[in-house]
Amino acid sequence: MFPLAAALAASLVLVTSAQNGNSYFFECQAEGRFPHPKDCSSYVDCVLSPLGHFLQIKDSCNGGSYNEHLKTCVSDKECKNSFRRGRALISDHTYQHMCSEGNGFLCADCMTMISCVDGVAYSHPCSAGSTCAELEVFGGGVCYPERPEECACPEANTFRVDHYDSKKFFYCNDSWSTPEMFECPEETAFDETTTQCVNKENLPECERSGMFAIASNCSQYYTCIASKDGWIQKALSCDTPDFMYNEASGSCEDPCSWDEGAFSCQAEGRFPDPRDCQRFFECIAVGDGFRVFSRECPAGYHWDSISQGVGLCTKTTDGSSCKAFTPNKCVIPENMCTQGGATGESLVGDGTTPAEETPAPPALRRATRRGNRRV
1 MFPLAAALAA SLVLVTSAQN GNSYFFECQA EGRFPHPKDC SSYVDCVLSP LGHFLQIKDS
61 CNGGSYNEHL KTCVSDKECK NSFRRGRALI SDHTYQHMCS EGNGFLCADC MTMISCVDGV
121 AYSHPCSAGS TCAELEVFGG GVCYPERPEE CACPEANTFR VDHYDSKKFF YCNDSWSTPE
181 MFECPEETAF DETTTQCVNK ENLPECERSG MFAIASNCSQ YYTCIASKDG WIQKALSCDT
241 PDFMYNEASG SCEDPCSWDE GAFSCQAEGR FPDPRDCQRF FECIAVGDGF RVFSRECPAG
301 YHWDSISQGV GLCTKTTDGS SCKAFTPNKC VIPENMCTQG GATGESLVGD GTTPAEETPA
361 PPALRRATRR GNRRV
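Heads up: the sequence shown begins at 1 in full-length UniProt numbering, then just goes up one per residue.
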């Protein structure tokens, strides 16, 4: 239940007001939104309180008049009386986009009702003990006690995503306390599971600027652009069916053609991994074939070939010439590419003995599945 003080405040039955010598009397007979009996530019909300009495709330149409049949404020230049000289609400451009479809009452978030009059948005913050609910009897949004449940605070010390705007969330300090509203940065939404603001596309976090494939589905990729307010991300996808984004070339390509970059030992020595600049292979002659080991340079270094079969790990700089043939993060379905060697053919060449000391990286293991080969 909401605080008892709020419930007692909701137990008012009559509204009496005097302004410039004019007085009015209004008694709620049912829940709903009704024209003000003396002021054509205002309306009265009759809200049933938790104690079973009516709470009567007078509000303004901000230059228009209330239409009982449409249950909304409409433009009306003929509406003129002394009551209109009272305090008027100031338009709120923050919610202007919500009024593009015409006049009405909407919920911007759990604690804010919006009235749209001639395409202009006016915000009405809900008071303690009530939250914004969209009810047909009121013709839309209304600040209402204990409704909806999605805006309530059933547990203390918890965060909940806003019922109307996933970019917003609220904190519950105590059980059935008034929600404390917060808002996530642009292009993000609140995740109740992690209680953090995350990007709406559920994209991986940015670590550097560029365009990157989504490992679980490389037909989709995303941008990372650094700004003064943090990273700006945008989700993209390949236009051609079955194409995948190649981070090395910066374009969508047929992943079946990436087999051209597969490695095969032709002589003893150390050779660069065509798929990963940080890795290299050691080829050791064994009988009529080769034994191959996959090695990796430390983070921030890449393999630099000095001569055939000879090289070393060199610190990576912006001017480094190494370019991987294709990213190693993409998982290609086994039956996607029909071409390739017969079952049992080795990725590293006929007669090659698979390495046992260091397994090949995931990229090569995935490549072998495409051609039914093994390392």
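Just so it is clear, CB atoms sit at the ideal spot from N, CA and C, and this is done for glycine as well.
query: Would you call S237 buried or exposed, if buried means 16 or more other Cβ atoms sit within 10 Å of its Cβ?
result: Along the sequence shown, read from residue 1 onward, the residue named residue 237 stands at position 237. Exposed, since its Cβ has fewer than 16 Cβ neighbours within 10 Å.
message: Taking contact to mean 3 or more Cβ pairs, one atom from each stretch, closer than 8 Å, check whether the segment 53-71 and the segment 160-179 are in contact.
response: Taking 8 Å as the limit for Cβ pairs, the verdict is that the segment 160-179 does not touch the segment 53-71.
Whole-Å CB distance - E201 paired with A235, under 8 Å assumed: Mapped onto the sequence shown, residue 201 falls at position 201. Mapped onto the sequence shown, residue 235 falls at position 235. Going by Cβ atoms, the distance from E201 to A235 rounds to 4 Å, so yes, they are a contact pair.
message: Looking at the secondary structure, which residues open and close the beta strand (DSSP E) in which W303 lies?
response: As a working note, residue 303 is residue 303 in the sequence shown. Annotation: the continuous beta strand (DSSP E) that includes W303 extends over Y301 to S307.
- prompt: Between the Cα of G210 and the Cα atoms of N199, C218, C224 and Q220, which residue gives the shortest distance?
  reply: What you label residue 210 is simply residue 210 of the sequence shown in a count that begins at 1. The shortest CA-to-CA distance from G210 to any of N199, C218, C224 and Q220 is the one to C224.
query: Around the C-beta of P145, are 16 or more other C-beta atoms found within 10 angstroms, so that it is buried, or is it exposed?
result: Position 145 of the sequence shown, counted from the start, is the residue given in the question as residue 145. Burial call: buried.
- prompt: Among F290, M111 and I57, which has the Cα closest to the Cα of F34?
  reply: Position 34 of the sequence shown, counted from the start, is the residue given in the question as residue 34. When only C-alpha atoms are compared, the closest one is I57.
- request: Would you identify the three-state DSSP class for R85, choosing helix, strand or coil?
  value: Start at 1 with the first residue of the sequence shown, and residue 85 comes out as number 85. Note that R85 scores 45 on pLDDT, short of 50, meaning its location in the model is unreliable; the coordinates nonetheless yield the value given after this. R85: helix per DSSP, three-state reduction.
- prompt: Are F190 and G141 closer than 8 Å when you measure CB to CB?
  reply: Taking the first residue of the sequence shown as 1, we reach residue 190 at position 190. Taking the first residue of the sequence shown as 1, we reach residue 141 at position 141. Taking 8 Å as the Cβ cut-off, F190 and G141 do not qualify as a contacting pair.
query: For P125, which of helix, strand or coil comes out of DSSP?
result: Taking the sequence shown and counting its residues from 1, one reaches residue 125 at position 125. Strand.
- prompt: What residue range is occupied by the uninterrupted beta strand (DSSP E) comprising G102?
  reply: As a first step, residue 102 is located in the sequence shown; it is residue number 102 there, counting from the start. The continuous stretches of beta strand (DSSP E) do not include G102, and DSSP gives it neither H nor E.
- prompt: What's the C-alpha gap between E136 and T94?
  reply: For the purposes of this step, residue 136 is taken as the residue at position 136 of the sequence shown. For the purposes of this step, residue 94 is taken as the residue at position 94 of the sequence shown. CA-CA distance, E136 to T94, rounds to 25 Å.
query: Going along the chain, which residues of its own chain have a beta-carbon closer than 8 Å to the beta-carbon of G250, five neighbours each way excluded?
result: Here residue 250 refers to the residue found at position 250 when the sequence shown is read from its first residue. Only M211 meet the Cβ criterion.
query: Hey, S42 and S60: beta-carbon distance below 8 Å or not?
result: Working through the sequence shown from its first residue, we reach residue 42 at position 42. Working through the sequence shown from its first residue, we reach residue 60 at position 60. The answer is yes: Cβ separation under 8 Å.
message: Using 8 Å for Cβ pairs, my map puts G309 next to E253. What's the rounded Cβ distance?
response: For the purposes of this step, residue 309 is taken as the residue at position 309 of the sequence shown. For the purposes of this step, residue 253 is taken as the residue at position 253 of the sequence shown. Actually they are not in contact, since the Cβ atoms of G309 and E253 sit about 30 Å apart, beyond 8 Å.
query: How is the beta strand (DSSP E) around D191 delimited, first residue to last?
result: Locating residue 191 in the sequence shown gives position 191, where the first residue counts as 1. In this chain, the beta strand (DSSP E) harbouring D191 covers T188 to D191.
Element boundaries [beta strand (DSSP E), containing K31]: Counting from 1 along the sequence shown, the entry for residue 31 is found at position 31. According to the sequence displayed, residue 31 carries Glu and not Lys. Looking at the DSSP string, E31 is not in any beta strand (DSSP E), and its letter there is neither H nor E.
message: If I follow the unbroken beta strand (DSSP E) through P272, where does it start and stop?
response: Translated into the one-based positions of the sequence shown, residue 272 becomes position 272. It spans G269 to D273 - the beta strand (DSSP E) in which P272 sits, taken as one unbroken run.
field: Minimum C-alpha distance to G139 - residue among V44, T195, S166 and D165
entry: In the sequence shown, residue 139 corresponds to position 139, counting from 1. G139 has its Cα closest to that of V44, out of V44, T195, S166 and D165.
- request: Return yes when the Cβ of A215 is within less than 8 Å of the Cβ of C330, no when it is not.
  value: Sequence index remark: in the sequence shown, residue 330 carries index 330 (1-based). Sequence index remark: in the sequence shown, residue 215 carries index 215 (1-based). Taking 8 Å as the cut-off, the Cβ atoms of C330 and A215 count as close.
query: Which one of C197, Y222, Q196 and E192 has the shortest CA to CA distance from C206?
result: Numbered from 1 along the sequence shown, position 206 holds the residue referred to as residue 206. It is Y222 whose Cα lies nearest to the Cα of C206.
task: With DSSP as the reference, label S257 as helix, strand or coil.
output: Looking up residue 257 in the sequence shown gives position 257. Three-state result, S257: helix.
Rounded straight-line distance, which links the Cα of V117 to that of P125: As a first step, residue 125 must be located in the sequence shown, where it is residue number 125. As a first step, residue 117 must be located in the sequence shown, where it is residue number 117. Those two C-alpha atoms are separated by around 17 Å.
- request: Using 10 angstroms around the beta-carbon of H97, count the other beta-carbons present and answer buried if the total reaches 16, otherwise exposed.
  value: Here residue 97 corresponds to residue number 97 of the sequence shown, with the count starting at 1. By the C-beta density criterion, H97 is exposed, having fewer than 16 other C-beta atoms within 10 angstroms.
- request: Please name the residue in P154, T178 and D239 whose C-alpha comes closest to that of S130.
  value: Start at 1 with the first residue of the sequence shown, and residue 130 comes out as number 130. Out of P154, T178 and D239, T178 has the C-alpha closest to the C-alpha of S130.
message: Let me check one thing: in DSSP terms, what residues is C283 bridge-paired to?
response: Here the question's residue 283 lines up with position 283 in the sequence shown. C283 pairs with G269 and V292.
- prompt: T314 by DSSP, collapsed to three states: which one?
  reply: The count along the sequence shown starts at 1 and reaches residue 314 at position 314. Strand at T314.
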